[in-house]
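S.K.: The structure follows.
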Amino acid sequence: MNKIHVSVADWQKDIAEIRRIREAVFIAEQSVPAELEWDADDAGAMHFLAFEGDFPIGTARLLPSGEIGRVSVLKDWRGLKVGDKLMEAVIGVAEGRGQTRQFLSAQVYAAPFYERLGFKIVSEEFLEVGIPHVDMVRGD
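Have a look at this one:
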């Protein structure tokens, strides 16, 4: 396997790769309706792409508010710390912008992953697009 690396994406230039990953994970695997996957926040968000070599395998976004979302890794690359590298990059950029507090809504099964990265659960479980979620916060 090639080395995994993460870079800040250009929404206009990289939209096809970001869409490919999110459609595979959220729409195809998790049955999220396409009309709920794509929202107005994408245009103003900072997007990240994780690569194996030159091949994009994961993505995430950071909103100006410090909210992290749409964290997704293609199935064949899960369990290889791609999500860790993505989140380290996103958190690093957020902190570099002075956003010492980041937050997200995590699917319940993924909460332990985010807890390892310093996030704490701050809500009861709730359904979002039919999938159990919890709100999580990291930092002050």
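The sequence shown stops at residue 161 when you use my numbering, and every number in between is there.
Here a beta-carbon is modelled for each residue, glycine too, at the ideal position from N, C-alpha and C.
(1) On a CA-only basis, which of G100, F72, Q128 is nearest I39? Give me that one, please.
(2) Which residue comes first and which comes last in the beta strand (DSSP E) that contains G79?
(3) Alpha carbon to alpha carbon, how far is I89 from R82?
(4) Along the chain, where does the alpha helix (DSSP H) that runs through G90 open and close?
(5) Assuming V53 and V150 form a contact by the criterion Cβ under 8 Å, report the distance between their Cβ atoms to the nearest whole angstrom.
M.R.: Result, derived from the coordinates:
(1) Here the question's residue 39 lines up with position 18 in the sequence shown. Nearest neighbour of I39 by Cα position, chosen from G100, F72, Q128, turns out to be F72.
(2) Start at 1 with the first residue of the sequence shown, and residue 79 comes out as number 58. Element bounds for G79: 76–83.
(3) Within the sequence shown, residue 89 is the residue found at index 68, counting from 1. Within the sequence shown, residue 82 is the residue found at index 61, counting from 1. C-alpha separation (whole angstroms): 6 Å.
(4) What you label residue 90 is simply residue 69 of the sequence shown in a count that begins at 1. Element bounds for G90: not the alpha helix (DSSP H) but the beta strand (DSSP E), 89–94.
(5) The residue labelled residue 53 in the question sits at position 32 within the sequence shown. The residue labelled residue 150 in the question sits at position 129 within the sequence shown. Between V150 and V53 the Cβ distance is about 5 Å, and since that is below 8 Å, they are a contact.
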